[in-house]
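Engineer: Read in the numbering used here, the sequence shown has 1227 at position 46, and its numbers run on one by one without any break. Positions of the beta carbon are idealized from the N, C-alpha and C atoms, including for glycine.
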Amino acid sequence: MQEQLERRLTELRKEFETGQSKLQELVRQEQLIRETLLRISGAIQVIEEELARNGAGHTNDGTTE
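(1) Note the first and the last residue of the continuous alpha helix (DSSP H) segment covering G1223.
(2) Which residues in the same chain as E1196 place their Cβ atom closer than 8 Å to its Cβ, once the five residues preceding and following it in sequence are excluded?
(3) Would you check whether the ligand FMN has a heavy atom nearer than 7 Å to the C-beta of E1192?
(4) Rounded to whole angstroms, what is the Cα-Cα separation between L1186 and L1193?
(5) What number of angstroms, rounded off, separates the C-alpha of L1207 from the C-alpha of T1217?
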């Protein structure tokens, strides 16, 4: 019985470490995606402001008014 419990404890610890590693990777990916979205958002804002300044007459979806 003691051996079984120790074996199970070892298995659970390995699973826990694997889960922690995966979670850390997902957090890193989330941060990269947030940074990318922030850059894209900034680029969108700059282009929209430039279009408004030039009176291009286009809507946000790319169609002409």
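Structural biologist: So, from the data block:
(1) For the purposes of this step, residue 1223 is taken as residue 42 along the sequence shown, with counting starting at 1. Looking at the DSSP string, the run of the alpha helix (DSSP H) that includes G1223 is Q1183 to N1235.
(2) Residue 1196 sits at position 15 when you count from the first residue of the sequence shown. Excluding positions up to five away in sequence, the list is empty.
(3) Absent from the structure shown: the ligand FMN. Ligands present: none.
(4) Taking the first residue of the sequence shown as 1, we reach residue 1186 at position 5. Taking the first residue of the sequence shown as 1, we reach residue 1193 at position 12. Answer to the nearest angstrom: the Cα atoms are 10 Å apart.
(5) Locating residue 1207 in the sequence shown gives position 26, counting from the first residue. Locating residue 1217 in the sequence shown gives position 36, counting from the first residue. C-alpha separation (whole angstroms): 15 Å.
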